[in-house]
Amino acid sequence: MGKIIGIDLGTTNSAFAFVQAGKPEVITNKEGNRTTPSVVAIDVDSKSEIAGITAKNQMVTNPEQTFYSVKRFIGLKYDDSSVKKDLELVPFKTRKSSKGGIEIQFGDKWVTPEEVSAKVLAKIKADAEAFLGESVDGAVITVPAYFDDSQRQATKNAGKIAGLDVKRIINEPTAAAIAYGLEKSGDQTIAVYDLGGGTFDVSILEIGDGIYEVKSTSGDTHLGGDDFDQRLIDHFVDEFKKEQGIDLKEDPAALQRLKEAAEKAKIALSSSEQTEVNLPYITADAKGPKHFRMTLKKSDMEKIVSDLVDKTFDSVRQALKDAGVEKSEINEVVMVGGMTRMPMVKNKVKEFFGKEPNISVNPDEVVAVGAALQGAVLAGDKEVDDITLLDVTPLSLGLEVNAGQMHVLIPRNTTIPTEKSEDRFTTGVDNQPAIDVKVLQGERPLAKDNKVLGTFRLDGIAPAARGVPQFEVTFKIDANGILNVKAKDKGTGKEQDITITASTQLEQEEIDKLVKEAEENASKDKEEMEKLKVKNDADSYVFQSEKLLKDHADKISEDQKTTLEDKNKEIKDELAKGDDADIEKLKTLSNELMEKMQEVGAKVYEDAGGATTDSDSESGDKPNAEEGEVVE
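Going by UniProt numbering, the first residue of the sequence shown is number 1, and it counts up by one from there.
Put into structure tokens, the structure is as follows:
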């Protein structure tokens with residue numbers, strides 16, 4: 001049996017971890033990083049699919065075929081009001097599917113958000129297997145506490161498409177609490193404040209003796225770092241329009257550069273009082289190129305985004321109220337998510353709760369660690385202390401009755417898994433042959449104001465006057481928070497049920513087809529990635545060679561200069577062929593160029609009066625290297 005890993009599938013970045021000898025450990029990806037950008041792209045040159053940092057690196061040059069923040073769309077319908085604004089902000093094309101879900105134009109085909117997420121998960125699986133040196137079959141994947149049933153099922157589908165057996169879906173704040181509670185003793189009431197790249201969650205938990213009981217949860221699945229970035233982007237656009245009279249919102253490439261700049265500025269202002277935003281050649285008009293330059297102060301940024309931080313406390317107050325807990329009774333406030341590094345966020349949390357928030361856990365990794373610990377327990381790992389996880393459902397669940405009312409069977413913040421049955425339902429007209437059971441989620445008294453999770457029909461009802469037939473309806477939520485609803489005619493014994501699936505409604509055979517395609521294309525994808533690596537390395541060598549020629553022009557002989565320039569031209573000519581480039585030839589040319597650069601570099605250094613050592617090699621953009629090799 002392969003390893004079970006814990007995965008924090010984030011909006012902006014993802015992290016993954018495993019448990020070894022009873023201790024959790026974060027897995028580094030093949031690039032050597034502890035987090036992986038949740039970004040997928042189709043490479044401009046090779047047309048192959050890439051994920052992670054290589055995909056993120058081409059967001060500016062290839063915006064329409066670089067896919068990010070898809071977690072904000074997973075399991076949702078195209079017409080959901082919560083996603084309308086987000087769909088308008090992304091540069092890639094989307095449309096409404098025949099089933100009402102969201103589809104994304106991915107190359108020459110249309111795919112669902114869970115298919116894009118599956119590509120991120122597939123990279124995570126491959127990187128984990130390379131790190132561990134063994135197969136990874138199972139995973140515990142985390143989701144925002146406020147994700148509904150269709151979003152949870154869609155996340156589970158994404159895992160399945162990626163070749164993972166999803167053992168459990170758990171809430172992100174709960175996973176963070178598990179990791180936090182690992183080193184704690186005694187009973188505590190804690191608040192987990194989780195502000196990530198795309199979502200906000202808050203959970204109130206009681207922990208002690210290995211029991212993690214969630215008392216309440218609240219949040220906003222469309223409030224996170226992306227929204228903070230967008231505020232800064234809007235500010236940059238407004239300032240540039242005032243100064244130059246040009247609207248950068250009309251330029252997708254410029255917007256992507258502004259997005260990168262906004263993210264960098266936000267991070268810089270977590271430790272500095274001001275930062276410079278400098279984007280040369282951002283656009284051009286008839287008079288020539290235009291440059292964007294701005295000094296952004298921390299105080300100005302805080303004014304721009306302060307209401308977004310304030311908005312999180314609406315959910316905090318609701319969670320405290322639902323848990324029946326005063327803020328003075330909270331022993332610890334655990335901060336989770338990259339956005340909690342922002343000083344203003346930490347200060348406002350401290351001000352609200354009247355105590356310093358706990359920042360001892362790494363906000364980017366703690367959720368993955370908690371998920372890994374839960375995975376170890378599910379795998380029967382005896383070296384991990386037993387964990388009893390008592391999570392809750394974030395929203396009330398019920399059905400439509402009386403032509404438009406919401407009848408709640410399971411109130412929000414009910415501990416899961418749970419099951420509830422009622423047999424008070426009947427027909428509304430004489431000789432009614434069937435009933436339609438409309439399953440709802442939400443807190444509004446009218447059915448139309450709540451989300452419809454699914455509908456099914458129970459027919460074959462024996463003719464009778466209205467009010468005579470009796471039906472029993474059962475709602476059952478499993479440990480993943482996924483709902484099954486069953487209706488039974490007590491007179492005939494006939495039953496009908498439905499398991500709520502993602503609103504995009506990927507059928508089982510569609511999921512199986514995607515899994516098969518992923519398996520069949522695994523070797524092809526690997527081959528394409530190897531080709532892409534050779535091309536990237538070749539391009540990097542040319543860059544270094546040209547830099548060497550430029551920086552040391554007065555120390556390089558004409559013969560050496562001609563040799564390097566000729567090799568550069570040969571590589572450029574081969575790269576220009578795109579898909580028709582000869583990969584073996586590129587490998588040979590790259591090796592030859594590297595040898596020539598080393599010869600020239602050694603001579604330059606020798607002439608300058610030094611002895612050549614590997615450690616003295618010039619820094620700069622480096623080609624990919626195997627572990628242990630020294631690169632220039």
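Where a beta carbon is used, it is the ideal one built from N, C-alpha and C, also for glycine. Only a predicted model underlies this, so the values are computations on that prediction, with no experimental measurement involved.
| query | K596: which of D554, D579, L549, L575 sits nearest, CA to CA? | reply | Selected option, being the one with the closest Cα: L549.
| message | Given a cut-off of 9 Å on the beta-carbon distance, is the pair A41 and N62 in contact? | response | Cβ atoms of A41 and N62: closer than 9 Å.
| M335 in three-state terms, based on DSSP | Residue state, collapsed to three classes: strand.
| request: Output the residue ranges of the beta strand (DSSP E) runs that lie fully inside the stretch 336–416 and measure 3 residues or longer, sorted by chain position. | output: Listed in chain order, the complete beta strand (DSSP E) runs (minimum 3 residues) inside the stretch 336–416 are 388–392, 397–401, 405–410.
| How about L532 and D148: are their beta carbons less than 9 Å apart? | Taking 9 Å as the Cβ cut-off, L532 and D148 do not qualify as a contacting pair.
| task | Per DSSP, which residues does K486 bridge with? Please list them. | result | Answer by DSSP bridge pairing, in chain order: T474, D497.
| request: Evaluate R444 with the Cβ neighbour count: other Cβ atoms within 10 Å of its Cβ, from every protein chain shown; 16 or more gives buried, anything less gives exposed. | output: Counting Cβ neighbours within 10 Å, R444 comes out exposed, since fewer than 16 surround it.
| query | If we call anything under 9 Å between Cβ atoms a contact, is N413 one with T217? | reply | A contact, by the Cβ cut-off of 9 Å.
| Can you list, in chain order, the residues of its chain whose CB lies under 8 Å from that of S97, leaving out five sequence neighbours each side? | These residues qualify, in order along the chain: Y78, E103, W110, T112, T504.
| query | Whose CA, out of D238, K167, T388, A191, lies closest to the CA of G324? | reply | Ranking D238, K167, T388, A191 by Cα distance to G324 puts A191 first.
| query | What number of angstroms, rounded off, separates the C-alpha of F131 from the C-alpha of I416? | reply | Answer to the nearest angstrom: the Cα atoms are 34 Å apart.
| query | Roughly how many angstroms lie between the CA atoms of E351 and T312, to the nearest whole one? | reply | Roughly 13 Å between the two C-alpha positions.
| G578 versus S46: straight-line alpha-carbon distance, rounded | Approximately 7 Å between the Cα atoms of the pair.
| query | Can you tell me whether K3 is buried or exposed, with buried defined as 16 or more other CB within 10 angstroms of its CB? | reply | K3 is buried by the Cβ-count criterion.
| query | Once you ignore the five residues that flank G186 on each side, which residues in its own chain have a CB closer than 8 Å to its CB? | reply | Result list for G186: G208, in chain order.
| request: Within the stretch 123–201, note down every full alpha helix (DSSP H) run reaching 4 residues or more, in order along the chain. | output: Segments of the alpha helix (DSSP H) lying fully in the stretch 123–201: 149–161, 172–181.
| task | Note down the Cα distance separating A611 from D108, rounded to an integer number of angstroms. | result | Interpretation of A611 is limited by its pLDDT of 46, a score under 50 that renders its predicted location unreliable; the figure taken from the coordinates is listed afterwards. Those two C-alpha atoms are separated by around 55 Å.
| request: Give every residue of the same chain whose Cβ lies closer than 7 Å to the Cβ of N358, excluding the five residues on either side of it in the sequence, and list them in chain order. | output: E332, V333, V334, M335.
| task | Would you check if the stretch 264–281 and the stretch 297–311 touch, i.e. whether three or more CB-CB distances between them fall below 8 Å? | result | Touching, yes, given that three or more Cβ pairs across the two stretches are closer than 8 Å.
| Three or more beta-carbon pairs under 8 Å between the stretch 160–175 and the stretch 26–45, yes or no? | Segment contact: the stretch 160–175 against the stretch 26–45, fewer than three CB-CB distances shorter than 8 Å; contact not assigned.
| Residue nearest to D391 in terms of C-alpha spacing, selected from I178, P252, L87 | The shortest C-alpha separation from D391 is found at I178.
| What residue does the alpha helix (DSSP H) around F240 start on, and which one ends it? | Annotation for F240: the continuous alpha helix (DSSP H) segment containing it runs 225–244.
| request: For E31, name the three-state secondary structure that DSSP assigns. | output: Three-state DSSP puts E31 in coil, outside helix and strand.
| task | Kindly indicate which three-state DSSP category N568 falls into: helix, strand or coil? | result | Helix.
| Span of the beta strand (DSSP E) around P24 | Per DSSP, P24 belongs to the beta strand (DSSP E) from 23–26.
| said: So, with DSSP's three-state summary, where would you put E592? | reply: Helix, per DSSP.
| Per DSSP, G288 forms a beta bridge with which residues? | In the DSSP secondary-structure assignment, G288 is bridged to D285.
| message | Does M294 come out as helix, strand or coil in the three-state DSSP assignment? | response | Taken through DSSP and simplified to helix, strand or coil, M294 comes out as strand.
| query | Leaving out the 5 sequence neighbours to the left and right, which residues in its chain are closer than 6 Å to K569 when beta-carbon positions are compared? | reply | No residues qualify anywhere along the chain.
| Which of helix, strand or coil DSSP assigns to D251 | Coil, per DSSP.
| query | Leaving out five residues before and five after R95 in sequence, what residues of the same chain have Cβ atoms less than 6 Å from its Cβ? | reply | So the qualifying residues of the chain are E103.
| said: According to DSSP, A15 sits in a beta bridge with which residue or residues? | reply: DSSP lists D8 as partners of A15.
| request: Could you tell me the boundaries of the beta strand (DSSP E) in which L446 lies? | output: Per DSSP, L446 lies in no beta strand (DSSP E) segment and is marked neither H nor E.
| said: What does the Cβ neighbour count give for K448, buried or exposed, with the cut at 16 atoms within 10 Å? | reply: Exposed, since its Cβ has fewer than 16 Cβ neighbours within 10 Å.
| task | Just list the alpha helix (DSSP H) runs in the stretch 55–125, keeping only unbroken ones of 4 residues or longer that don't cross its boundaries, in chain order. | result | For the stretch 55–125, whole alpha helix (DSSP H) runs of length 4 or above, ordered along the chain, are 81–89.
| message | Taking 9 Å as the threshold (C-beta atoms), are F236 and A261 in contact? | response | Yes; because the gap between Cβ atoms is below 9 Å, this pair is in contact.
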